[in-house]
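Asker: One structure is given below, represented as structure tokens, and several questions about it will come after.
In this note's numbering, the protein residues as written are 1099 to 1205.
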């Protein structure tokens, strides 16, 4: 089981903003959508590019390179040129601090 990684203070990631963290070698983008936090792997499944720098609209993030959009809630690819989902991760808020972890390898 991977440990929780501190992302930052709740107030330091405003609505519509994101923070990039490295969790055990995996780049993860944590986004604030109206006060709710979501974590998604910072990779576009179309060409391996980064999602950071892309627009966040509602609960979607758009790849800045070719415009593929992904659901922040599920990782689902929502439009071409991406067809495969990207990974999402759990987020918890405790004592005003946002945390995430890579739980893909947990039993």
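The beta-carbon is built from N, C-alpha and C at its ideal position, and this holds for glycine as well.
1. Do residue 1131 and residue 1140 count as a contact pair if the criterion is CB distance below 9 Å?
2. For a quick check, are the C-beta atoms of residue 1125 and residue 1150 less than 9 Å apart?
3. Where residue 1147 and residue 1109 are concerned, what is the direct C-alpha to C-alpha distance, given to the nearest angstrom?
4. Could you name the residues that DSSP lists as bridge partners for residue 1170?
5. Rounding to the nearest angstrom, what Cα-Cα distance links residue 1177 and residue 1166 in this structure?
6. Please return the same chain residues whose Cβ sits closer than 7 Å to the Cβ of residue 1107, not counting the five positions on each side in sequence.
Answerer: Answer, in terms of the structure:
1. On the chain shown, position 42 is the one that residue 1140 refers to. On the chain shown, position 33 is the one that residue 1131 refers to. Note that the C-beta distance between residue 1140 and residue 1131 is not below 9 Å.
2. Taking the first residue of the chain shown as position 1, residue 1125 is located at position 27. Taking the first residue of the chain shown as position 1, residue 1150 is located at position 52. In this structure, residue 1150 lies closer than 9 Å to residue 1125 by Cβ.
3. Position 49 of the chain shown, counted from the first residue, corresponds to residue 1147. Position 11 of the chain shown, counted from the first residue, corresponds to residue 1109. Rounded to whole angstroms, residue 1147 to residue 1109 spans 28 Å at the Cα level.
4. Along the chain shown, one-based indexing puts residue 1170 at 72. In DSSP, residue 1170 forms no bridge with anything.
5. Here residue 1177 is taken as the residue at index 79 of the chain shown, counted from 1. Here residue 1166 is taken as the residue at index 68 of the chain shown, counted from 1. Here the C-alpha atom of residue 1177 lies approximately 6 Å from the C-alpha atom of residue 1166.
6. Translated into positions along the chain shown, residue 1107 becomes position 9. Scanning its chain for C-beta atoms nearer than 7 Å, with the 5 sequence neighbours on each side dropped, one finds around residue 1107 the residues 1194, 1195, in chain order.
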